[in-house]
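Sequences listed follow chains A and B, in order.
Oh and the first sequence: position 4 is 361 in our numbering, straight run, nothing missing.
Oh and the second sequence: position 23 is 180 in our numbering, straight run, nothing missing.
Glycine is no exception: its CB is placed at the ideal position from the N, C-alpha and C atoms.
Remember, predicted model here, so these are calculated numbers, not experimental data.
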Amino acid sequence: MTTSTIAGIELEVDAEGFLQKPEQWTDAVGEAIAAELGIEMTDRHWQVARFMRQRFLDNGTAPTIRTLGKESGVDVKELYKLFPKGPAKLAAKIGGIPKPRGCI
Amino acid sequence: MSRIVILGAGTAGTIMANRLRRRFADGVKDGTTSITVVDQDDVHVYQPGLLFVPFGIYDADDVVRPRGKQLHDGIGYVQAAVERVLPAEREVELGNGTRLSYDVLIVASGTRIAPEETDGLTGPGWGETMFEFYTVEGARALGEKLATWPGGRLVINIVEMPIKCPVAPLEFAFLADWFFAQKGMRDRVQISYVTPLDGAFTKPVCTQVLGHLLEDKRVELVTEFNAGRVDGEAGILASWDEREVPFDLLVSVPLHQGAEFVKRSEGLGDDYGFVRTDLHTLQSRCAPEIFAIGDAADVPTSKAGSVAHFEAEVLEDNIARFLAGEPLVPAYDGHTNCFVETGYDKALLLDFNYDTEPLPGKFPFATIGPMKLLEATYANHLGKLAFKWLYWNVLMPGHDIPAVGAQMSMAGKQPVLQDS
């Protein structure tokens, strides 16, 4: 396990930069991770990242891209515009939760 | 009295039932242990064989046998659909309304394809210009198509991970290259491999060591492509970010999901219907007396028969421990072993686990082999063909394979320095 300092906080991350302890996350951490990925967070981005994070905290697993499209209030097409190439993966990273299983 | 109920009589469920039957032979004899297996039909498919059906190497009839016949005497077999699991009541509700009580439940219900989840895939052109080979019917239909197909753009697309046997689509591409070359029409076929991953293999070392194979076989690689919709009449595969790949013949590897009853069972599975499972003990995260094995489990290793076989060794022990009130052993390490057919009577062999990537070397004995890891050889191909006999006669009855243990061995493996 490696650590990384993001937005002034020392965080436990995996090799790809996914947070291992969701409780270490703050809005500022999410913003900083997004910036590193070249994403400027809008309300729509936050809606997805927060939905992703909350579902993980509630259920212990991250929602799939299909669930995001049906239940987050943002459809799949827009998800790919907001988070190019990998919406579920990027939203998980920004939302401060471990890498979703479906990405393996 | 210990009542063991197994949901699913495919690779994992059958191995598990037969192993437990042997483990608890005395209990089954004196009536203190019962083993009951439930499945909705009586068709056990030798799934590794499906890959060969489209190319006429196997007939569709060669790859199926009755499920009940693979189970030893003394194992109960119930043919019924499963409605849902009721963890709090320790009961399984069947489709016909009856309930089965259990002391230990093993979910071995596998994974199935869901082509209807991709817009347009099961619409016009399905079965005419768009096919799959993950079911017996699909593989047979594709075989009939390929036998008379005049050539054109053949596109192989993986809709989304995870899929069953992650190397099968790649093997399909390699065998297609060989098949059309043998028919003297390779120049009339353009083969594209379109994947949501950033490389041909799911594992970086494989992509690094084996990347040349696609080039050698003239297979075009399109990466990071997330299929959003398909138009079978226009012959267009489109991604969510509006990239388009034209095709004359699409071989789709559709979205995979777990069994529907897993989704209907409170707390048992994730959004895909895979059972949330401890990576090392194979106990579900839902209830201590529920376990999962094979493709049904959400553990991050390949969905493959070899995984079910290695898991079975660990799970058999853990079920015996659970019933004896002893702590479980976290012994499953993600061990996976797969043959990859590359055409021209050659195959590759991969052997890896949760922490170690597939490495080159010899298998199963260091320096001797006789099989080579990460290299296309005739011996590996013979290994793959021999596997069909091993499957029905050694694996399904629940025996171990000599010299190949549940845990991955580093014997004979050579480390590879990774790029990046």
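List the residues of chain B whose Cβ lies closer than 7 Å to the Cβ of residue i, in chain order.
| i | result |
| --- | --- |
| P420(A) | D428 |
Which chain B residues sit within Cβ distance under 9 Å of residue i?
| i | result |
| --- | --- |
| R401(A) | Near R401(A) there are no residues of chain B at all, since even the closest Cβ is about 16 Å away, more than 9 Å. |
| G374(A) | None at all; the shortest Cβ gap to chain B is about 14 Å. |
Mind pulling the chain B residues with CB within less than 8 Å of residue i?
| i | result |
| --- | --- |
| T424(A) | D428 |
| G417(A) | R433 and R442 |
Provide the residue(s) that pair with residue i in DSSP beta bridges, ordered along the chain.
| i | result |
| --- | --- |
| D452(B) | DSSP, once it has assigned bridges, lists no residue as partnering D452(B). |
| E474(A) | The structure shown does not extend to residue 474(A), since chain A spans only 358 to 461, so no value can be given for it. |
| L506(B) | F496(B) |
| P223(B) | V200(B) |
| D388(B) | I393(B) |
| K519(B) | K529(B) |
| R442(B) | DSSP output for R442(B) lists no bridge partner at all. |
| N314(B) | V351(B) and S409(B) |
| K460(B) | K321(B) |
| D276(B) | R386(B) |
| L243(B) | E248(B) |
| K545(B) | DSSP, once it has assigned bridges, lists no residue as partnering K545(B). |
| V377(B) | The displayed chain sequence assigns Glu, not Val, to residue 377(B). DSSP lists S349(B) as partners of E377(B). |
| Q414(B) | R269(B) |
| V293(B) | Answer by DSSP bridge pairing: none, since V293(B) is not bridged. |
| Q236(B) | D196(B) |
| G162(B) | Per the sequence presented here, residue 162(B) reads as Val, with Gly not at that position. The partner list for V162(B) (beta bridge, DSSP) reads T193(B) and L262(B). |
| E401(B) | A395(B) |
| I390(A) | Its beta-bridge partners do not exist; DSSP assigns none. |
| I447(B) | L262(B) |
| G309(B) | V346(B) |
Quick one, are the C-beta atoms of residue i and residue j less than 9 Å apart?
| i | j | result |
| --- | --- | --- |
| E435(A) | R401(A) | yes |
| L505(B) | L516(B) | no |
| A166(B) | I450(B) | no |
| F329(B) | P211(B) | yes |
| Q377(A) | E367(A) | no |
| V456(B) | G491(B) | yes |
| H538(B) | E498(B) | yes |
| G555(B) | M173(B) | yes |
| V386(A) | V405(A) | no |
| V346(B) | A333(B) | yes |
| L208(B) | A298(B) | no |
| L480(B) | I447(B) | no |
| G452(A) | F413(A) | yes |
| N494(B) | V551(B) | no |
| P441(A) | A419(A) | no |
| V194(B) | V221(B) | no |
| P110(B) | V202(B) | Nothing can be reported for residue 110(B): it is not among the residues displayed for chain B, which extend from 158 to 577. |
| W164(B) | V249(B) | The sequence shown places Leu at residue 164(B), not Trp. For L164(B) and V249(B), yes; Cβs fall inside 9 Å. |
| G284(B) | D388(B) | no |
What residues of chain A sit near residue i, judged by a beta carbon separation below 8 Å?
| i | result |
| --- | --- |
| E483(B) | Within chain A, no residue comes near E483(B); the closest Cβ sits about 26 Å away, beyond 8 Å. |
Give the interface partners of residue i over in chain A, defined as CB-CB distance under 9 Å, in chain order.
| i | result |
| --- | --- |
| E381(B) | K442 and G443 |
When Cβ atoms are compared, which residues of the stretch 433-448 of chain A fall closer than 9 Å to chain B? V433, K434, L436, Y437, K438, P441, K442, G443 and P444
Can you give, in chain order, each stretch of the alpha helix (DSSP H) that sits fully within the stretch 407-459 of chain A and has at least 4 residues? 422-428, 433-439 and 444-451
The stretch 430-448 of chain B: which residues have C-beta closer than 9 Å to a C-beta of chain A, in chain order? F431, R433 and R442
Under 7 Å (Cβ pairs) to chain A, residues found in the stretch 367-379 of chain B: none
Against chain A, which members of the stretch 384-397 of chain B pass a CB distance test of less than 9 Å? G385, S396 and W397
Give, in chain order, every residue of the stretch 235-252 of chain B whose Cβ lies closer than 8 Å to some Cβ of chain A. none
Going along the chain, which unbroken runs of the beta strand (DSSP E) with 3 or more residues stay wholly within the stretch 317-352 of chain B? 346-351
Residues in the stretch 321-353 of chain B having any Cβ partner in chain A nearer than 7 Å: none
Taking only beta carbons into account, state which residues of the stretch 254-287 of chain B come closer than 9 Å to chain A, listed in chain order. E274
Can you list, in chain order, the stretches of the alpha helix (DSSP H) that have 4 or more residues and sit fully within the stretch 417-441 of chain B? 417-421
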